[in-house]
Amino acid sequence: MSAAEPGSVADLRRRLLAAERIVVFTGAGVSTESGIPDFRSPGTGLWSRMRPIPFDEFLADDAVRQESWRRRFEHGGAIESASPNRGHRAVAQLVAEGRCHTVITQNIDGLHQASGIAPQQVVELHGNGTYATCLSCEQRFELDALEAQFDAAGRIDPCPSCGGIIKAATISFGQAMPIGAMALAEAAINDCDLCLTLGSSLSVFPAAAFPQRAVELGASLIIINREETPLDPLADLRLGTEIGPTLGEALAVG
Ligand code: NAD
163 MSAAEPGSVA DLRRRLLAAE RIVVFTGAGV STESGIPDFR SPGTGLWSRM
213 RPIPFDEFLA DDAVRQESWR RRFEHGGAIE SASPNRGHRA VAQLVAEGRC
263 HTVITQNIDG LHQASGIAPQ QVVELHGNGT YATCLSCEQR FELDALEAQF
313 DAAGRIDPCP SCGGIIKAAT ISFGQAMPIG AMALAEAAIN DCDLCLTLGS
363 SLSVFPAAAF PQRAVELGAS LIIINREETP LDPLADLRLG TEIGPTLGEA
413 LAVG
């Protein structure tokens, strides 16, 4: 890739430095370089190995809930042992420099916060997979304790306080989106001059509507994603390269 041609890292750098109110919108692809598989990458994506569990099935059937917990403890280790990669660090630099105020993420791994971004500047559209809550009384449960219970009893029991269903604090397919997070994301998109989209297939709605809305409101759109996305035709710049090396080089972040 030559430094002068459109679609180059130099072009990316120029556009990032020219923007003043960047919103970064991230998907699972920003965390694959930290060792957490995404959903849809061919071969390595989790869904090439298992079907997602919709919220209504989780609510309706205890056996489905226990299967969901089994998966969480089998695959969740990737999240627990992960640390931020070069892409997360580059995003954190944009925030530290004051050119990005809000990171909207579909990720549930907490790695943007772990990279040093204040939690109030990270909007988690799909919740957080590093803890669990009771769906009725909202009591918080730590995963270490739940995993110990699952190992000992082979199941996760209802909430000891109210008898409600305990679920990882993520938003499943068919589950209502978090109202506060949606409002924060909308406000950030309304105010941005550039939406930088990293590692998302842009196929999960309503989340994927945010970059599109930014374009409708006159902001620029940059997409960095290995595979093509439905919003590529709207992008001012699209790079099909690895996020960490690309963004790291553009912003001189190691
Ligand atoms: P997705 O799996 O649909 O798409 C990820 C995209 O990232 C793919 O198009 C892939 O080509 C691209 N990609 C992967 N690694 C890349 C890299 N290093 N550089 C450039 N591109 C790369 O993920 P999505 O769009 O976020 O939507 C699916 C859902 O996945 C979200 O709701 C999210 O909650 C959930 N999810 C989150 C995690 C996580 O928290 N880390 C992991 C798996 C799934």
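163 is the number of the first residue of the sequence shown in the working numbering; add one for each residue after it.
Note that beta-carbon positions come from the ideal geometry of N, C-alpha and C, so glycine has one too.
- Message: Could you tell me the alpha carbon to alpha carbon distance between Ala350 and Val185, rounded to whole angstroms?
- Response: 7 Å
- Message: Taking the alpha-carbon of Gly238 as reference, which of Gly260, Asp353 and Leu208 has the nearest alpha-carbon?
- Response: Leu208
- Message: Ignoring anything shorter than 4 residues, give me the alpha helix (DSSP H) runs that lie fully in the stretch 174 to 224, in order along the chain.
- Response: 217 to 222
- Buried or exposed by the 16-neighbour rule on C-beta atoms within 10 Å, applied to Leu401: buried
- Message: Are the CB atoms of Ala314 and Leu305 within a distance shorter than 8 Å?
- Response: no
- Would the beta-carbon of Asp251 be found less than 7 Å away from any heavy atom of the ligand NAD? Checking the sequence, you will find Arg at residue 251 rather than Asp. Arg251 Cβ: outside cutoff for every heavy atom of the ligand NAD.
- Task: Would you check whether the ligand NAD has a heavy atom nearer than 7 Å to the C-beta of Ile384?
- Result: no
- Gln282 burial status per 10 Å Cβ neighbour count (16 or more: buried): Burial is judged here by how many other beta carbons sit within 10 angstroms of a residue's own beta carbon; Gln282 has fewer than 16 and is exposed.
- Message: Could you compute how far the alpha carbon of Asn387 sits from the alpha carbon of Gln301?
- Response: 37 Å
- Task: Tell me whether Arg176 is buried or exposed, calling it buried when 16 or more other Cβ atoms sit within 10 Å of its Cβ.
- Result: exposed
- Message: Using a 10 Å radius around the Cβ and a threshold of 16 neighbouring Cβ atoms, would you call Asn269 buried or exposed?
- Response: buried
- Task: Would you decide whether Met163 is buried or exposed? Buried here means 16 or more other CB atoms lie within 10 Å of its CB.
- Result: Bear in mind that a pLDDT of 41 at Met163, under 50, signals an unreliable position, so the number given afterwards is only what the model happens to contain. Burial call: exposed.
- How about Cys324 and Ser363: do their beta carbons lie closer than 8 Å? no
- Pick from Ile241, Ala240 and Pro216: whose alpha carbon is nearest that of Glu229? Pro216
- Task: Please report how far the alpha carbon of Gly291 lies from the alpha carbon of Pro392, in whole angstroms.
- Result: 27 Å
- Sort Gly205, Arg261 and Ala244 by Cα distance to Gln418 and report the nearest one. Past the boundaries of the shown model lies residue 418; the chain is included only from 163 to 416, so the question cannot be answered.
- Item | Identity of the residue in Asn247, Gly260 and Glu390 nearest Leu179 by Cα | Leu179 has its Cα closest to that of Gly260, out of Asn247, Gly260 and Glu390.
- Whether Gly278 touches Ala254 by CB criterion (8 Å): In terms of Cβ geometry, Gly278 and Ala254 form a close pair [threshold 8 Å].
- Query: Would the beta-carbon of Leu356 fall within 8 Å of that of Thr188?
  - Reply: no
- Query: How should Gly205 be labelled, buried or exposed, when 16 other C-beta atoms within 10 angstroms of its C-beta is the threshold for buried?
  - Reply: By the 10 Å Cβ count, Gly205 comes out exposed.
- Task: Output yes or no for whether 8 Å exceeds the beta carbon distance between Ala252 and Gly380.
- Result: No, Cβ-Cβ distance for Ala252 and Gly380 is not below 8 Å.
- Item | Residue from Asp353, Ser382, Glu390 and Ile333 whose Cα sits closest to the Cα of Phe367 | Ile333
- Item | the ligand NAD heavy atom lying under 7 Å from the CB of Ile215 | no
- Closer than 7 Å: Phe187 CB and nearest the ligand NAD heavy atom: no
- Task: Please report how far the alpha carbon of Glu390 lies from the alpha carbon of Arg202, in whole angstroms.
- Result: 12 Å
- Alpha-carbon to alpha-carbon, Leu383 and Ile327: A straight-line Cα-Cα distance of about 40 Å links Ile327 and Leu383.
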